[in-house]
Structure formats: structure tokens, C-alpha cells
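Below is one structure, written out as C-alpha cells, with a few remarks after it.
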Amino acid sequence: MSKKQALGNQALESQGARPFIELRALTHAYALEGGGEVRALQGIDLTIERGEFVALVGPNGSGKSTLVRHLNGLLLPTSGQVWVDGLLTAHPSSLWKIRERVGMVFQNPENQFVASTVEEDVAFGPENLGLPPDELRRRVDDALKLVGLTEYATHPPHMLSGGQKQRTAIAGALATRPACIILDEPTSMLDPLGRRRTLETLRSLNQDQGITILLVTQSMDEATAAERMLVMVRGRVVSDGTPAEVFGQGQRLREWGLGLPSALEIADRLRERGLNLPAGLLTVEQLASALC
Amino acid sequence: MLISVEGLGYTYAPSTPLARTALRGVDLEIRQGERVGILGPTGSGKSTLAQLIAGLLRPTSGHVLLDGVAAHARTADARLRRLKVGMAFQYPEHQIFEQTVPREVAFGPRNLGLNDAEVEARVAWALDIVGLDPVEMADRVPLTLSGGEMRRLALAGILAMRPPVLILDEPTANLDPRGRQELLTRVLTWQAETELTLIVISHNLDDLARLAERVVLLVAGQVAADGPAREVLSDRPLLEDASFDVPPPVALLQALRQSGWAVATNRLLAEEAATEIAQVWSSTGGMV
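Residue numbers (my numbering), protein chains in the order written: chain A, 1 to 292; chain B, 1001 to 1288.
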């Protein structure tokens, strides 16, 4: 095949009905101090469709953060390919288009603020897209409304609570009107109220706005809120299914170093003691009604 | 070492328009060997209290006394006492700076003037407690570790100093479930062997249920409750006022009790709740 044909095929492919995110044999290696390398991702094939709500779990060092940093080109593959909405992250000319489509929110909200008020901070991303002032205003207002922070628009970000800070960061990601938001352990530093508000915000963005959500989390209770769950172990995706399917593999979960949601753990222990309970009780409410 | 907190108040940026009072009128006494959890929503003053106990901040009002000596004082006496307090910060990247993992852990013990063999032994011991593999970690650059690995490393650096008082600020945030379980078990074992004073700051009720025998609830910089973990962590109205939910096992037991099960509701851990439910279930002959 000639080079021209190859490029033509690529252009054709990018127009077709393809998954929103597609990883093909993705590997990534980090260099070690004094030579050598760690292979953080070992040949991952994965697709994520528009509108999905996916939770990504896995032990520390399993490659979760490395994987998600590939999805908006913060990291580039050592080998393999990452396609986002038909665009290849390895093409420098695609990067900004990809970053308009995929927003990213990190763990520590303190490290993400660039401005002295909430609205200026939220405006930072879309401002860089060169939007006219009235469009910028509209996007910032819409984003703050979606995360429920309209009344905090002129507050300094560092005076907000942890949950409000994370929702400000989510609004910043939203203001570029992305099709997808990726969050890397966004609730690990939050108190339970901040956690709950952040999760409610994500759920409504997914259900009402159709935004694709990829949530990296260490909380098994949090993962039950997703419709699809991915488990990573040592740079590979070892399980992919609904939370009920993934948590249904009890013993394997323990081998992977993961736990169970509280309700499933209690239910398992009750079965060991002779109580007869149905499978798939993911929440305390479900377990309580099964027992009553 | 006896830690006495008396009428403690702290204000950030006092006498400026940005002044913010983080703590007011806090009284606490923590004895050697106690396991105390400090619970509170974001912004309730938990981390400020910890830094005051470690002598890292100077009180705006009141005192923190370590065996009778002000924790922040610039005297040899106070310095010796401060050395007994080890603190692992909430954001591990704030305390990590060395080139390799073993050097990071060795930094503290080396500064204590220990010989090479002892330093090496402590590094191995501390890495083991936090669940980092010394071989795998030998050449790793600390700032390239994952979030959970970095948290373990920061804790190992503190543990290697073997402080008689250990303050952990959100010790299990970012840890995977197995890592968390193992870390909690090993810290508890070490605590029991050495009569360590353990002060755990967290908004994770399950961590507190496992680590603390006593829980101090801070709300808006004041002590809202101070009592046995079992009582504080199963007190729904108290916790809800502070925007916390009861731990899931307690929520389940309370729901069962409402629909007629004669279960105790102050079982904080999944295994305890399961035992309680199973006992009531079998005492009624499997009929509830």
C-alpha cells in the first residue's frame, strides 16, 4: 500500500462509525533511574462508547493513571494507538481537538487552580479556544450551573470546601464542552458530603447531558454507581463488565487486591453463616430489603 | 509522652482581611499508647490541630504541651519532645524529595545519627510495613511513583524514625483495598507491641473504626464529641449534623432494627455486623 493510500484509509476511518475511544495494543514504558524501564501498560485493547459511565479500579501501580493520561494525549504510547473520536493522539495536529473533546480532572483540587475567582478559573480552558466574549460568558455560566456553583462564581477557589473545589475543576473541564470527562480519583481527598455531591454531579452530567464519564476510583462503593466497570492489574485490563458481574467474581477480586462494596462483603459473610441471600446485592438498601 | 491541649485556638492570617479561624477553645488530653481518631468535615480544623500537636504551628491562643513543655517552643527540651512526634502529611508529595525510594526512607533515621546497618534495617522494616517491595523499589524515583505508592513511601519515611507518637493524616486515601487492609493491620500490630500513641486524622469512618478506640469529632474548629469510637461512630444524629453518614454496617443494622430485628446497632465493621446479624438470626431459629 502506498503512503498516500495509507493516509487516505486513515482519513476514511476517522469519518466512520467508530467507538468514541479506542485503544489498540497500547503499551507504555517509564524509564528507571540508572537504566531499565517499567512497563506500566502491556498491550491494552479497549473501546468506550459515547454516553457510557465507566468506573476504572485496580491496585496501586496497576497503570490506571497512566492509561487515562493517554486518553487526551498527556502521555503518548510507547507502542500501539489511541483513537479519540476518530483522531489519533500521536498526531500533534490532533492534540488540541482531542483535548476539546476529553476533559480531565485530577485528584488534588489545589493543584488545578490558575485564577483568583471561580468563574475566571472555569473560563481558562474555553478562553484558550479563542471564543468570543459572549460565548465564553455563556459557557462559564452553563458549566457553573451544571455543577451547582452559580452562587460561588466570584469566590476565590481556595476558600471553597474540598467538594466545591472538585466541582469547580469539573466545571472547568465542562466549559470546553467536552464529549467526555475523565476523573482520576477525584474524591479521594473529599469528605463524604463532598464525595456524594461530586458523584451526583457526574451522574447528572452523564444522564442529562449524555457526557461520557470515566471515573478512576479506589472506592468499591463508588464503583457500583457506574454501569460498566474495568479492573486493571499490572498494566492489563483483567475484567470488564457491569459492577454486578465484576463483583460476582469474589475470589478473583481478592487475588487482584481489591475489596467488595460493604453490602456485598456483609452478604458474603452472612452466607458463610448459613443465611440464604440472593446474589448481586450491591447496596446496603438492597441488602436490608433482602433481609426484611 | 502526655499530650495536653488546653484552650487551643488558631487563626490563619490574623489581623488581615483573609483571617480565618481554624480552631477555637479545644481541650484534649492524649495519653501514651492511646489510639485516637480525629474526625471532621473538610475545613473543620483537623489538619491544623495535628500540625499544632507536632509543634509545626504556634497557637494563636491556649497551649499544646508535650509532657508539660510547649510543643512549638525554641528550647532544647521542646525540640527533643518534638522529635518524638512523627507526622505523615495529607499530601505525600509535600514531604518527598529524595532521588530514590531507599534514600527517601533512610533520610530520617540517618539524621538521627544511626549507623549504616541500623539505617538499612529500618529502611527494610518500614518498606515492609507499608507494603512496598524493597527489590522492586530499589531504583524507583519517588516522584514517578503512583499516588498510592507515594503515600506508602511518605509513611515509610516517618515510620523509619520509630516515633513514640505517630500522627497519620488521611493514611489510606488512594490506597487500594488490600494495601489499606494490610497497612492498617501492620500499624495496629506495631502499635500494640510498642505502646505507640496513634493519632489518626480522617474522614473515612471505616479507617477510624479499625484504628481508633476513641474518636474526637471536630466541627467548625470546636470539639463536638469526644468518646469511645463505637459510640461516636454509631450516633446518627451527631454524625449527620456534621454531614457524615453512619458507616454502612451501622446503616444496615439500624435499618434492620427499624423493621423489627433485635440487633445491636453499634457494630462498626462489616465482620462485626455480619456476626451480630447471624447471631440474632440463629437465636430466632432462622425466623425473623
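Every residue, glycine too, gets a C-beta built ideally from N, C-alpha and C.
Determine the DSSP secondary structure at residue i, reduced to helix, strand or coil.
| i | result |
| --- | --- |
| Q249(A) | coil |
| H91(A) | coil |
| Y152(A) | helix |
| F1244(B) | coil |
| H28(A) | strand |
| Q1181(B) | helix |
| I1277(B) | helix |
| I21(A) | strand |
| E49(A) | coil |
| M104(A) | strand |
| V1123(B) | helix |
| I1096(B) | coil |
| P1059(B) | coil |
| R203(A) | helix |
| E227(A) | coil |
| R1267(B) | coil |
| L1039(B) | strand |
| G80(A) | strand |
| Q1254(B) | helix |
| L56(A) | strand |
If I measure Cβ to Cβ from residue i and keep anything under 6 angstroms in the same chain, skipping five residues before and after, which residues do I get?
| i | result |
| --- | --- |
| S293(A) | Since the first residue of chain A shown is 1 and the last is 292, residue 293(A) is not available in this structure. |
| G280(A) | A244 |
| P59(A) | G257 |
| N72(A) | I98, R99, V102, M104 |
| S219(A) | none |
| L1028(B) | V1005 |
| S1202(B) | E1170, L1208 |
| L1308(B) | Because chain B spans 1001 through 1288 in this model, residue 1308(B) falls outside it and cannot be assessed. |
State the Cα-Cα distance for the pair residue i and residue j, rounded to the nearest angstrom.
| i | j | result |
| --- | --- | --- |
| L190(A) | T1042(B) | 7 angstroms |
| R1186(B) | G125(A) | 45 angstroms |
| N1174(B) | L1268(B) | 22 angstroms |
| L1253(B) | S289(A) | 12 angstroms |
| L1065(B) | A1106(B) | 29 angstroms |
| H1094(B) | G274(A) | 49 angstroms |
| L32(A) | F106(A) | 24 angstroms |
| T1275(B) | A1264(B) | 11 angstroms |
| G24(A) | I44(A) | Rather than Gly, the amino acid found at residue 24(A) in this sequence is Arg. Taking the straight line from one Cα to the other gives about 6 angstroms. |
| M1161(B) | E22(A) | 48 angstroms |
| R1180(B) | E151(A) | 38 angstroms |
| Q286(A) | L1052(B) | 44 angstroms |
| G1055(B) | R69(A) | 39 angstroms |
| P178(A) | I211(A) | 8 angstroms |
| L1112(B) | S161(A) | 38 angstroms |
| D1245(B) | L1239(B) | 6 angstroms |
| T1021(B) | E120(A) | 27 angstroms |
| T154(A) | A115(A) | 11 angstroms |
| L1132(B) | E255(A) | 17 angstroms |
| G241(A) | Y1012(B) | 48 angstroms |
| E37(A) | V1101(B) | 16 angstroms |
| S1061(B) | M229(A) | 50 angstroms |
| D134(A) | G1108(B) | 56 angstroms |
| T224(A) | V284(A) | 12 angstroms |
| G1285(B) | A1050(B) | 50 angstroms |
| D1289(B) | Q1099(B) | Residue 1289(B) cannot be examined here, being either before or after the span of chain B that is shown, 1001 to 1288. |
List the whole-angstrom C-beta distance separating residue i from residue j, where the pair is believed to meet the contact cut-off of C-beta under 8 angstroms.
| i | j | result |
| --- | --- | --- |
| L1166(B) | L1196(B) | 6 angstroms |
| V1130(B) | A1156(B) | 5 angstroms |
| V1216(B) | D1207(B) | At roughly 14 angstroms, the Cβ-Cβ gap does not stay under 8 angstroms, so V1216(B) and D1207(B) are not in contact. |
| T27(A) | L41(A) | 5 angstroms |
| R234(A) | S62(A) | 6 angstroms |
| G1037(B) | L1183(B) | With 8 angstroms as the limit, G1037(B) and L1183(B) do not qualify as a contact, their Cβ atoms being about 16 angstroms apart. |
| V118(A) | T201(A) | Not really, about 15 angstroms apart at Cβ, beyond 8 angstroms. |
Short of 7 angstroms in beta carbon distance, which residues of its chain neighbour residue i, apart from the five on each side in sequence? Order them along the chain.
| i | result |
| --- | --- |
| V122(A) | V140, A143, L144, T168, A171, G172, A175 |
| P157(A) | F113, V118, D121, K165, T168 |
| E127(A) | L136 |
Can you find the residues in the same chain that come closer than 8 angstroms, C-beta to C-beta, to residue i, ignoring five residues on each side of it along the sequence?
| i | result |
| --- | --- |
| L74(A) | M104 |
| L260(A) | M220, F247, G250, L253, D268 |
| Q10(A) | Confidence in Q10(A) is poor, its pLDDT being 43 and thus under 50, which makes the residue's placement too unreliable to answer from. |
| T187(A) | Q166, G194, R195, T198, L199, T217, S219, E222 |
Problem set entry | At least 3 beta-carbon pairs within less than 8 angstroms: the region 47 to 54 of chain A vs the region 205 to 218 of chain A | With the rule of 3 Cβ pairs closer than 8 angstroms, the region 47 to 54 of chain A counts as touching the region 205 to 218 of chain A.
Exercise. How do the region 1227 to 1235 of chain B and the region 1066 to 1077 of chain B stand: do at least 3 beta-carbon pairs fall below 8 angstroms, yes or no?
Worked result: Between the region 1227 to 1235 of chain B and the region 1066 to 1077 of chain B there are fewer than three inter-stretch CB-CB distances shorter than 8 angstroms, so the stretches are not counted as touching.
Problem set entry | Segment contact flag, the region 1141 to 1158 of chain B with the region 1070 to 1085 of chain B, C-beta cutoff 8 angstroms, min 3 pairs | By the criterion of at least three beta-carbon pairs nearer than 8 angstroms, the region 1141 to 1158 of chain B is not in contact with the region 1070 to 1085 of chain B.
For this session: Say whether the region 81 to 93 of chain A touches the region 261 to 275 of chain A, bearing in mind that this needs 3 or more beta-carbon pairs closer than 8 angstroms, one atom from each stretch.
Result: Between the region 81 to 93 of chain A and the region 261 to 275 of chain A there are fewer than three C-beta pairs closer than 8 angstroms, too few to call the two in contact.
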